[in-house]
Amino acid sequence: MGLDISAVRAMYPALADGYAYLDGAAGTQLPAPVIDAISGAHRSGLGNAGGAFPASGRSDAITAECRQAVADLVGGDPAGVILGPNMTTLTYRLAATLARDWRPGDEVIVSRLDHDANIRPWVQAAGRAGAVVRWAEVDLPAGELPAGQYDTLLSGRTRLVAVTAASNILGTRPDVAAITAKARAAGALSYVDGVHATPHGPTDAAALGADFYATSAYKWSGPHIGAVVAAPALLEPLRPDKLDPSPGTVPERFEWGTASFADLAGTAAAVDHLAGLDAAAAGTRRQRLLASMAAAHDHEQRLFGVLRDGLAAMDKVTLYGDARNRTATVYFNVAGLTPRAVAGHLAERKVNVWNGHNYAWELAGVLGIRDTGSAVRAGLVHYNDRSDVDRLLAAVAELAG
Ligand SMILES: Cc1ncc(COP(=O)(O)O)c(C=O)c1O
16 MGLDISAVRA MYPALADGYA YLDGAAGTQL PAPVIDAISG AHRSGLGNAG
66 GAFPASGRSD AITAECRQAV ADLVGGDPAG VILGPNMTTL TYRLAATLAR
116 DWRPGDEVIV SRLDHDANIR PWVQAAGRAG AVVRWAEVDL PAGELPAGQY
166 DTLLSGRTRL VAVTAASNIL GTRPDVAAIT AKARAAGALS YVDGVHATPH
216 GPTDAAALGA DFYATSAYKW SGPHIGAVVA APALLEPLRP DKLDPSPGTV
266 PERFEWGTAS FADLAGTAAA VDHLAGLDAA AAGTRRQRLL ASMAAAHDHE
316 QRLFGVLRDG LAAMDKVTLY GDARNRTATV YFNVAGLTPR AVAGHLAERK
366 VNVWNGHNYA WELAGVLGIR DTGSAVRAGL VHYNDRSDVD RLLAAVAELA
416 G
């Protein structure tokens with residue numbers, strides 16, 4: 016059936032303020048069921064984990080349900096879902112843990128397409144271990160990350176390949192399955208950043224060949240929670256720094272301090288919300304997620320065509336990237352204006368967009384715009400509609416028509 020966009024939008028209280036929320040790539044709004052799940056968790060009484068009394072049991076149940084929900088979303092095993100405050104924090108933790116047995120002369124591969132959160136933790140961990148960092152390069156102007164280059168980047172010393180499932184500024188979706196297959200054949204692990212990719216279509220971490228798959232709930236209608244999903248057997252031998260009395264089990268061993276239980280309830284509710292985006296989707300939650308996220312993808316791509324073509328038709332607009340396979344994210348500049356000035360003008364027209372490198376630090380450098388304020392990013396998610404796109408196009412046309 017697809018998305019009933021008015022019904023979807025009606026679930027998002029924030030959209031009632033009349034702004035076009037095209038800033039979803041930096042964080043999405045929350046639908047009422049997610050807001051209710053968070054406040055409902057607080058209202059019903061929560062305790063710290065592992066106690067003998069019911070409020071503690073509720074927190075434990077919320078945590079277990081959240082692991083199951085995230086596993087359903089990405090196609091993983093709930094026993095391998097590590098939960099934490101955000102992707103960056105978890106990636107630093109995993110990088111420090113994995114690097115413990117890296118030796119001088121070992122190698123790691125990062126890519127210039129990635130958000131810095133999937134670059135710097137590996138570069139810094141490699142630096143401490145004396146490991147060599149190799150860089151996968153982006154092909155311009157399309158903004159592709161050719162998989163073939165990994166044949167020469169990989170060696171018998173490669174320990175890890177970190178790569179994004181989608182660029183958060185150009186939207187490029189590299190051929191992750193091909194890259195991880197090459198990594199595996201060379202005996203290296205793969206760490207896939209799914210933060211930008213997850214909200215834009217069905218996710219199958221196993222089909223991507225990701226040993227580790229990272230995602231952040233606030234990019235898909237949930238609260239500020241991050242997760243890294245891996246096979247429990249892969250996590251079992253790893254020894255992250257941890258407190259002596261904290262659980263030594265997997266995945267709890269990787270989770271520091273007390274969790275934000277109400278936000279974990281909101282995260283599970285966000286997965287349920289995504290599963291219901293296509294009201295005709297049936298079957299298990301995983302099956303409904305696959306159908307609903309495919310419907311969300313189709314909806315976004317239809318609108319994206321209008322957005323991209325509309326901007327491309329404006330003389331003074333420069334669009335960056337044109338990858339074959341990409342999310343509904345545009346990155347552009349208007350001649351003679353700073354990205355901040357364009358974003359400010361759009362804000363006056365009630366359009367929310369981001370300006371800047373958006374932490375795609377290396378990529379902004381490759382594009383040659385990092386020192387000039389980079390560019391403007393507008394991203395579509397499942398709750399955007401044609402009126403959002405038309406408003407952006409009309410507002411940009413005032414500057415660049
Ligand atoms: C592609 C990508 N990776 C990583 C991150 C960092 O995620 P977090 O804010 O959960 O640390 C972001 C955030 O914008 C992102 O877009």
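Okay, so the sequence shown: first residue is 16 according to my numbering, each after it adds one. Even for Gly, the Cβ is constructed at its ideal location relative to N, Cα and C.
Out of the options, which has the shortest C-alpha to C-alpha gap to residue i?
i: Glu-267; options: Ala-277, Asp-278 and Pro-255; result: Pro-255
i: Leu-18; options: Ala-193, Ala-198, Leu-318 and Cys-81; result: Leu-318
i: Ala-375; options: Ala-309, Asp-400 and Thr-187; result: Thr-187
i: Pro-119; options: Asn-399, Gly-145, Thr-78 and Asn-348; result: Gly-145
i: Lys-197; options: Leu-168, Lys-365, Ala-141 and Ala-221; result: Leu-168
i: Arg-301; options: Ala-232, Arg-58 and Gln-83; result: Gln-83
i: Glu-122; options: Tyr-27, Ser-21 and Gln-139; result: Gln-139
i: Arg-174; options: Val-85, Val-357, Ala-141 and Asp-154; result: Ala-141
i: Val-396; options: Tyr-233, Ser-74 and Pro-69; result: Tyr-233
i: His-372; options: Ala-221, Thr-230, Leu-407 and Ile-184; result: Ile-184
i: Ala-203; options: Leu-279, His-57, Leu-113 and Pro-28; result: Leu-113
i: Thr-353; options: Pro-262, Ala-338, Asn-370 and Val-147; result: Asn-370
i: Gln-164; options: Asn-63, Asp-190, Ala-111 and Trp-137; result: Asp-190
i: Asp-51; options: Thr-282, Asn-340 and Ala-328; result: Thr-282
i: Asn-367; options: Val-23, Gln-44 and Pro-28; result: Gln-44
i: Gly-351; options: Ala-362, Thr-333 and Arg-339; result: Thr-333
i: Gly-91; options: Thr-342, Ala-222 and Arg-24; result: Ala-222
i: Ile-20; options: Glu-377, His-211 and Arg-401; result: Arg-401
i: Pro-156; options: Pro-214, Trp-150, Tyr-346 and Gly-325; result: Tyr-346
i: His-314; options: Gly-216, Ala-409, Leu-128 and Gly-380; result: Gly-216
i: Leu-61; options: Pro-46, Ile-77, Ala-47 and Ala-181; result: Ile-77
i: Ala-151; options: Glu-377, Ala-390 and Ala-409; result: Glu-377
i: Gly-15; options: Thr-299, Pro-136 and Ala-181; result: Look at the range of the chain in this structure, 16 to 416, and you will see that residue 15 is not part of it.
i: Arg-24; options: Asp-154, Pro-48 and Leu-109; result: Pro-48
i: Asp-32; options: Ala-294, Leu-414 and Lys-365; result: Lys-365
i: Asn-63; options: His-211, Ser-71 and Glu-413; result: Ser-71
i: Phe-276; options: Ile-240, Thr-179 and Leu-250; result: Ile-240
i: Leu-414; options: Asp-337, Leu-326 and Leu-249; result: Leu-326
i: Gly-272; options: Ala-362, Ser-261, Ala-280 and Asp-278; result: Ser-261
i: Ala-212; options: Leu-279, Pro-93 and Asn-340; result: Asn-340
Return the first residue and the last residue of the alpha helix (DSSP H) that residue i is part of.
i: Trp-137; result: 135-144
i: Trp-376; result: 376-381
i: Leu-289; result: 276-290
i: Thr-264; result: First-last for Thr-264: undefined, no H or E at that position.
i: Leu-105; result: 102-113
i: Arg-24; result: 20-25
i: Ser-307; result: 300-327
i: Ala-222; result: 220-223
The beta strand (DSSP E) that contains residue i, what's its start and end?
i: Thr-230; result: 227-231
i: Ser-205; result: 204-208
i: Arg-392; result: 391-394
Give me whichever residues DSSP pairs with residue i in a beta bridge.
i: Ile-97; result: Val-243
i: Asn-367; result: Tyr-36
i: Leu-175; result: Val-123 and Leu-204
i: Tyr-346; result: Arg-392
i: Val-404; result: In the DSSP output, where bridge partners are listed per residue, Val-404 has none listed.
i: Leu-334; result: Phe-347
i: Val-147; result: Glu-122
i: Arg-341; result: Thr-187
Report yes or no: is there a C-beta of chain D within less than 7 Å of the C-beta of residue i?
i: Ile-97; result: Here there is only one protein chain, and chain D is not present.
- Query: For ligand 3, which residues count as neighbours when the test is a C-beta closer than 5 Å to any heavy atom?
  - Reply: Absent from the structure shown: ligand 3. Ligands present: ligand 1.
- Message: Extract the residue ranges of the alpha helix (DSSP H) inside the segment 52-81, only unbroken runs of 4 or more that lie entirely within it.
- Response: none
- Query: What are the start and end residues of each continuous beta strand (DSSP E) run of 3 or more residues lying completely inside the segment 149-195, in chain order?
  - Reply: 173-179
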